[in-house]
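Peer 1: Residue numbers (this note's numbering), protein chains in the order written: chain A, 19 to 450; chain B, 3 to 315.
#1: Can you pull the chain B neighbours of residue 452/A, defined as C-beta to C-beta under 7 Å?
#2: At what residues does the alpha helix (DSSP H) containing residue 39/A begin and finish?
#3: Do residue 109/A and residue 77/A have their C-beta atoms closer together than 7 Å?
#4: Give the residues from the region 58-79 of chain B that approach chain C closer than 9 Å (Cβ to any Cβ), ordered along the chain.
#5: What residues from chain B crowd round residue 274/A, counting only those whose CB sits closer than 8 Å?
#6: Suppose contacts are defined by Cβ-Cβ distances below 7 Å. Is residue 117/A in contact with residue 131/A by that definition?
#7: Cα separation between residue 46/B and residue 40/B?
#8: Can you list the residues of chain B that residue 20/A reaches, using a CB-CB cut of under 7 Å?
#9: Using Cβ-Cβ distances below 8 Å, what residues of the region 279-290 of chain A are close to chain B?
#10: When the cut-off is 7 Å and only beta carbons count, does residue 119/B lie next to chain A?
#11: Is residue 331/A buried or exposed, if buried means 16 or more other CB atoms sit within 10 Å of its CB?
#12: Looking at chain A, is there any beta carbon in it that lies within less than 7 Å of the beta carbon of residue 230/B?
#13: For residue 86/B, which residues in chain A fall below 7 Å Cβ to Cβ?
#14: Would you say residue 128/B reaches chain A, if we count a Cβ-Cβ gap shorter than 7 Å as a contact?
#15: Count the other CB atoms, across all protein chains shown, that sit within 10 Å of the CB of residue 286/A; report buried if there are 16 or more and exposed otherwise.
#16: What number of angstroms, rounded off, separates the C-alpha of residue 98/A from the C-alpha of residue 70/A?
#17: Can you tell me which of the three DSSP states residue 164/B falls into?
#18: What's the gap between the Cα of residue 386/A and the Cα of residue 428/A?
#19: What's the C-alpha gap between residue 140/A and residue 388/A?
#20: Buried or exposed for residue 228/A, please, with buried defined as at least 16 other CB atoms from any protein chain shown within 10 angstroms of its CB.
#21: Residues of the region 29-62 of chain B with a CB closer than 8 Å to any CB of chain A: list them in chain order, please.
#22: Run through chain B and tell me which residues come within less than 8 Å of residue 351/A, C-beta to C-beta.
#23: Which parts of the region 163-206 of chain B are runs of the beta strand (DSSP E), unbroken and 3 residues or longer, counting only runs that do not cross its ends?
#24: Would residue 270/B count as contacting chain A if we go by Cβ distances under 7 Å?
#25: Start and end of the beta strand (DSSP E) containing residue 24/B?
#26: Count the CB pairs spanning the region 97-108 of chain B and the region 19-37 of chain A that are closer than 8 Å, and state whether there are at least three.
#27: From the DSSP output, in three-state form, read off residue 236/B for me.
#28: Going by alpha carbons, who is nearest to residue 164/B out of 48/B, 133/B and 237/B?
#29: Between residue 302/B and residue 357/A, what straight-line distance do the alpha-carbon atoms span, to the nearest angstrom?
#30: Under the assumption that residue 361/A contacts residue 279/A (Cβ atoms under 8 Å), give the Cβ distance between them as a whole number of angstroms.
#31: Out of 425/A, 84/A and 270/A, point me to the one whose CA is closest to residue 371/A's CA.
#32: Secondary structure at residue 318/A, three-state DSSP: helix, strand or coil?
#33: Please compile the residues from chain A whose C-beta is within a distance smaller than 9 Å of the C-beta of residue 133/B.
#34: Pop quiz: residue 44/B and residue 213/B are said to be a contact at Cβ under 8 Å. What is the actual Cβ separation, rounded to whole angstroms?
#35: Could you tell me the alpha carbon to alpha carbon distance between residue 419/A and residue 259/A, rounded to whole angstroms?
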């Protein structure tokens, strides 16, 4: 026991005296987690972020101005009016995801096209977009449809559309079409014209200042409510879990490399020349690695709680996940030391493997954005369980119960890594 | 005669097809200093690693006071202090913490551990640097701390594997002072080196290894007796010697061999007392001696005699 504690004490002193390691394993993840957390929604924003959209308004008609006003009033958009050239330049430079051009005459043409049937030319609405922002394009298209439809239908359902309807009726009658659909459209437009004339009479009787909006609107409104079992979603909770897992695994790599270096320098042999078993020396390294990993994770989440308002829903669950992850990290370090040939080669391979693990585990981008098959496939990656576990005990609020499975899986990985490492060490010793 | 402390009996070790140690046998008695010498790759370090329980012999047995020295936490290992060839220290751990670690590995704790740390630091003259990190030490200081770490548990047998590699002469003397103090305490030592003068200074028994085999296992005196020459005389003449002079020289009493290069003569003598008559004979032959020097035959000569090649080949 004296020997084991001395080995652990030695590792802790060495680690705490190593400023470079502390900088890499503690400060770096906090900085990166703060950055990624702000990208993924931050701590307390109730509203979704606005999309920047450039607007080139070339149609100075009443409809054109109304469409522009509707877009500007939309909570989801931040509209900036530009010339067409300016809009193209900004999109090309990646400074603007989308720009909408409302060409001259668009309003009138759109009014005419609304009931004009498929044979009538529909006006074009040019959209310039950054190819890396195709999802934003789809969102802007949807909102644009809403505002254009509202404006053009309003024009047709009010007195102001009477002239357009009269013109369309004249065209239909002049065509003398025998198509039954043309007859039905003539009937519909005749009724519409009658309605518009009535509106014209009513409007004439009203004071001039009264504005008549009307038109087709989206026949519903949404009530947005973020749902999780626990505290409100906090982007920092996930990013701290992700970055914490990544950089603590880097610490695990350093643990393994440390053993390989000690073997090269003869320190490992010196330890084993003492009356202690190889298992004791390995256990000492695993214990110190676990303590360091657990301490780092707790320190990182202390920052997350104190500075970034992350809420830990279940402290027991959090400590359980952190402990199991720490054990898995220490076992991973032993695994690297057992199977690594040289410190240099082992570092390269282990760093690559770790980066793949943390990427697939959702440390950089949450795993729920992965395709379904990737989400299933990544269940074999230990980091996925660690990050899901931390999410469960923070913003998802699933409590200790939600942490149990991730804890068990990580312990399983710890047993596999540690078992294989000890087997390899003992086999090498027996052969030595 | 002192009792046997360490017994190495027919030990062999191979790495793949290469036989690093081949049936090595020797023993170390209580209070004895055994010099284990041989060129690089002779099998010294492998033998030492097996004695320390770091390697498992393919065959043979190693016992310390009758108990087998094995891998793991064997009781016999607790009686051995090991000073490896490499500096087995944590450079960023203060000297005192390095010692506390190694002391704890041998079961020392509390007041006893502190007392032993103080004792060994004083022995190696590092008491005033206890709180400093080895990274700030000179090479010689690190070597001394390396030795101190092996002495904490007061071992019966101290094994030093080339402990003066890369050390300046002053530090080497400091290390030797420490080792001679340990000898004076009656501690048994195994000292491996390919520096013959070091082994000659310390060892009262010498085991010569080459190619994994023991070539000689004797006291230094017995080893010297094996040589036809015990001393060497170097003389620089005023002119290159004639063939007649060389023949005459070889016929002088006590002269074992004569070699020359230009006016320089190297003369092997059966004993150092033959040097003066030989010099006198040379002068009497009309060959003035400009310079001369005498030396005792070294272990280098013994190794050369045994293997036909130099230790540092």
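Cβ atoms here follow ideal geometry from the backbone N, Cα and C, with glycine treated the same way.
Just so we're clear, the structure is a prediction, and the values are computed from it rather than from any experiment.
Peer 2: This is what the structure gives:
#1: For chain A, the structure presents residues 19 to 450; residue 452/A sits outside this window and is missing.
#2: 37-40
#3: no
#4: Here the protein chains are A and B, and chain C is not one of them.
#5: Simply none; closest approach about 17 Å.
#6: no
#7: 7 Å
#8: 106, 109 and 111
#9: 283, 284, 285, 287, 288, 289 and 290
#10: no
#11: buried
#12: no
#13: 284, 287 and 288
#14: no
#15: buried
#16: 8 Å
#17: coil
#18: 20 Å
#19: 38 Å
#20: Below a pLDDT of 50, predicted positions are generally treated as unreliable, and residue 228/A, at 49, falls in that range; the measurement from the model is reported next regardless. Answer is exposed; the Cβ neighbour count stays below 16.
#21: 51, 54, 55, 56, 57 and 58
#22: Within chain B, no residue comes near residue 351/A; the closest Cβ sits about 17 Å away, beyond 8 Å.
#23: 190-195
#24: no
#25: 20-31
#26: yes
#27: strand
#28: 48/B
#29: 43 Å
#30: 5 Å
#31: 270/A
#32: helix
#33: Here the premise fails: no neighbours, minimum Cβ distance about 13 Å.
#34: 7 Å
#35: 18 Å
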